[in-house]
Amino acid sequence: MSEKILFLGFVLIFIGIFLILLYSFSSVDVKAGGIVMIGPIPIIFGNDRSLILISVILSLILMVMFLLNRVIR
3 MSEKILFLGF VLIFIGIFLI LLYSFSSVDV KAGGIVMIGP IPIIFGNDRS LILISVILSL
63 ILMVMFLLNR VIR
């Protein structure tokens with residue numbers, strides 16, 4: 003099962019890179035944002051205020067899930 007999840011992660015990353023490259027050649031304003039989780043600590047980046055806010059909320063949810071998972075075990 004972990005190989006499938008790893009493969010899905012790589013596919014999603016490549017789709018994201020492809021979409022960013024595709025829209026970089028057009029005149030459309032591209033907005034980007036993301037989260038890098040190192041353990042329970044998030045690193046949030048982005049160029050749009052609303053995307054950064056969504057990333058903060060998502061990172062808080064992920065941190066709580068991570069910490070609850072550690073407490074339950």
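According to our numbering, numbering within the sequence shown proceeds without interruption in unit steps and concludes at 75. Virtual Cβ for every residue (Gly too), placed ideally from N, Cα, C.
Sequence-distant residues of its chain with Cβ nearer than 7 Å to residue i (five each side left out)
{"i": "Pro-42", "result": "Met-65, Phe-68 and Leu-69"}
Residue i, enclosing beta strand (DSSP E) - first and last residue
{"i": "Gly-36", "result": "35-40"}
Chain C contact for residue i (CB, 8 Å cutoff)
{"i": "Val-38", "result": "This model lacks chain C altogether; it includes just one protein chain."}
Span of the alpha helix (DSSP H) around residue i
{"i": "Phe-47", "result": "Premise fails: Phe-47 lies in the beta strand (DSSP E), 43-48, not in any alpha helix (DSSP H)."}
{"i": "Val-73", "result": "51-74"}
{"i": "Phe-12", "result": "4-26"}
Cβ-Cβ distance between residue i and residue j below 8 Å
{"i": "Ile-46", "j": "Val-58", "result": "yes"}
{"i": "Leu-60", "j": "Ile-37", "result": "yes"}
{"i": "Ala-34", "j": "Ile-17", "result": "no"}
Residue from the options with nearest C-alpha to residue i
{"i": "Leu-62", "options": "Pro-44, Asn-49 and Phe-12", "result": "Pro-44"}
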